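Here's the structure we're looking at; comments come further down.
Protein chains: 2
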Amino acid sequence: MADTPSSPLAPDAAPDRPRRSDATRAAILEAARERFAADGYERATIRAVARDAGIDPSMVMRYYGNKAGLFAAASEIDLKLPDLTSVPREELGATLVRHFLDRWERDETLTAMVRVAVTNEAGADRLRGVFVEQIRPSLAAVCAVPEEDASRAALVGSQLVGMGMLRYVLLLPPAVDLDREEVVSWLGPTIQHYLTAEHP
Amino acid sequence: MADTPSSPLAPDAAPDRPRRSDATRAAILEAARERFAADGYERATIRAVARDAGIDPSMVMRYYGNKAGLFAAASEIDLKLPDLTSVPREELGATLVRHFLDRWERDETLTAMVRVAVTNEAGADRLRGVFVEQIRPSLAAVCAVPEEDASRAALVGSQLVGMGMLRYVLLLPPAVDLDREEVVSWLGPTIQHYLTAEHP
DNA sequence: TATCGTTGCCAACAAGCGTTGACCAACAAC
DNA sequence: GTTGTTGGTCAACGCTTGTTGGCAACGATA
């Protein structure tokens, strides 16, 4: 469930020499991200991904091993969270909200991750991994009570994920209609509070 | 997609006389809620629901028409939101948070709805319906700026749904580990603010 | 030019799905 | 006691899915 099929190439220590199939691989990944984002894990079929990418389904299998491997590759994500210690303390909340709105709107990876995570255990693992490896450490650096970093990060995450759900996944009209800076000015202080308050 | 198959009984105006099959129907619904909650729409198979209920798959079809009808029946929910106008104004937030934690923990209906809504359009409709018909009107009665009732409700919903996602669906450890009153004392003021602030 | 790994297509497989219709047992009404 | 209705099983259908293996064209290397 967690191996790297890559391709029948050099068995080891091959520092990723460019392959003739790189364009195809990229097309597959892009199609996969779109399908996973639109349909979730089960309804996103390998056949549909292949069709979108303009190739045969068996190519997807060759390059990514199986459906789980395809999702693993398509859901790799680096949130690129900024170094929060160099952000003016009173702008932490707004900065984070803006960053997440950006990340959510740049491509469909986050939507795909959430849609899959909700009904697929491997997807849920992936999302928890993002939380543990990226969100939590980044927030810990500026958390008001260092030993509460996990729960504070969970609170921040709950507000950000919740807005993402309503606005980008469920497409609830009043959430979609909020304009960007409106979201920032509402959620910013909330995040700020979860992060910097000494006590609830 | 939106008819009521019920059963081959009186064609109309039959005020739901008890049927001999009521126990079976209830068993099917309970099994369905569990399966939808655990697996989402696609992976929750009619065969599995029938197995859990101890009957034949074709019974599910007879009583609920098809899979969509089964979900429609299993996802009927009344949040039973209290009349917020009779809640002391400064306790609005805490009251709402407690109510939602209760509702989420009483049975698996909410988890099922969220799990399905994320990958199934009918499920998403259902959840948006709950928002429009139950959450929004209830909150509108106490909204600080009446003409902003939709966006305020979306903000409140985003925080509540987000915590529900992390705590009951994704089972993110630090969100699961928060104890109840801790959640109330963090989210309460947030909800309170979204609801009663004149301005972000 | 001959070789060999790579890229791609095609056809098929086994399994699982939602759904259907025929059929039987128990009950209720007359 | 017969008859019609209801509750339930069984076996099958058509379809889609993930996945596999064989085979042909291509491109670099020798």
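These protein sequences, in sequence, are chains F and D.
For the first sequence, the numbering used here gives the first residue as 261, with consecutive numbering after it.
For the second sequence, the numbering used here gives the first residue as 261, with consecutive numbering after it.
C-beta atoms are modelled at their ideal positions from N, C-alpha and C, and glycine is treated no differently.
Computed from a prediction, not measured in an experiment: that's the story for all the values here.
The Cβ-Cβ distance between residue 284 of chain D and residue 319 of chain D falls below 8 Å. Along the stretch 383 to 415 of chain F, going in chain order, the ones with a CB nearer than 7 Å to a CB of chain D are 384, 387, 388, 391, 410, 411, 413, 414, 415. According to the DSSP assignment, residue 454 of chain F belongs to the alpha helix (DSSP H) that extends over 440 to 456. Using a CB distance cut-off of 8 Å, residue 450 of chain D counts as an interface residue toward chain F. The beta carbon of residue 357 of chain F sits closer than 8 Å to the beta carbons of 420, 443, 444, 447, 448, 451 from its chain, once the five residues preceding and following it are set aside; these are given in chain order. Residue 290 of chain F is outside the set of residues whose beta carbon lies under 8 Å from a beta carbon in chain D. Within chain D, not a single residue places a beta-carbon under 9 Å from that of residue 381 of chain F; the smallest gap is close to 10 Å. If you draw a straight line from the Cα of residue 344 of chain D to the Cα of residue 316 of chain D, it is about 45 Å long.
Under the DSSP assignment, residue 391 of chain D falls outside any alpha helix (DSSP H); it carries neither an H nor an E label. By the C-beta density criterion, residue 390 of chain D is buried, having at least 16 other C-beta atoms within 10 angstroms. The residues 339, 370, in chain order, have a CB closer than 7 Å to that of residue 363 of chain D in the same chain once the five nearest residues on each side in sequence are set aside. Between residue 308 of chain F and residue 293 of chain F, the CB-CB gap reaches or exceeds 8 Å.
Flagged as an interface residue toward chain D: residue 454 of chain F, by a C-beta distance shorter than 8 Å. Under the three-state reduction of DSSP output, residue 406 of chain F falls in the helix class.
Unbroken alpha helix (DSSP H) stretches of 4 residues or longer found wholly inside the stretch 273 to 303 of chain D: 282 to 303, given in chain order. Each residue's CA atom was taken as its position, placing residue 433 of chain F and residue 457 of chain D some 22 Å apart.
As the crow flies, the alpha-carbon of residue 368 of chain F is around 13 Å from that of residue 427 of chain F.
With fewer than 16 other CB atoms across the displayed protein chains lying within 10 angstroms of its CB, residue 346 of chain F is exposed.
For residue 308 of chain F, the enclosing alpha helix (DSSP H) begins and ends at 306 to 313.
Ranking F:280, F:299, F:459 by CA distance to the CA of residue 375 of chain F puts F:299 first. Contact between the stretch 405 to 419 of chain D and the stretch 323 to 335 of chain D is not established, with fewer than three Cβ pairs separated by less than 8 Å. Contact between residue 334 of chain F and residue 387 of chain F does not hold, since their C-beta atoms are separated by about 14 Å, which reaches or exceeds 8 Å.
When the alpha-carbon of residue 380 of chain D is set against those of F:331, F:430, F:415, the nearest one is in F:430. Contact annotation: in the stretch 313 to 324 of chain D, no residue has its CB less than 8 Å from a CB in chain F.
For residue 436 of chain F, the number of other beta carbons within 10 angstroms of its own is below 16, and it is reported as exposed. About 5 Å separates the Cβ atoms of residue 416 of chain D and residue 454 of chain D, confirming a contact at the 8 Å cut-off.
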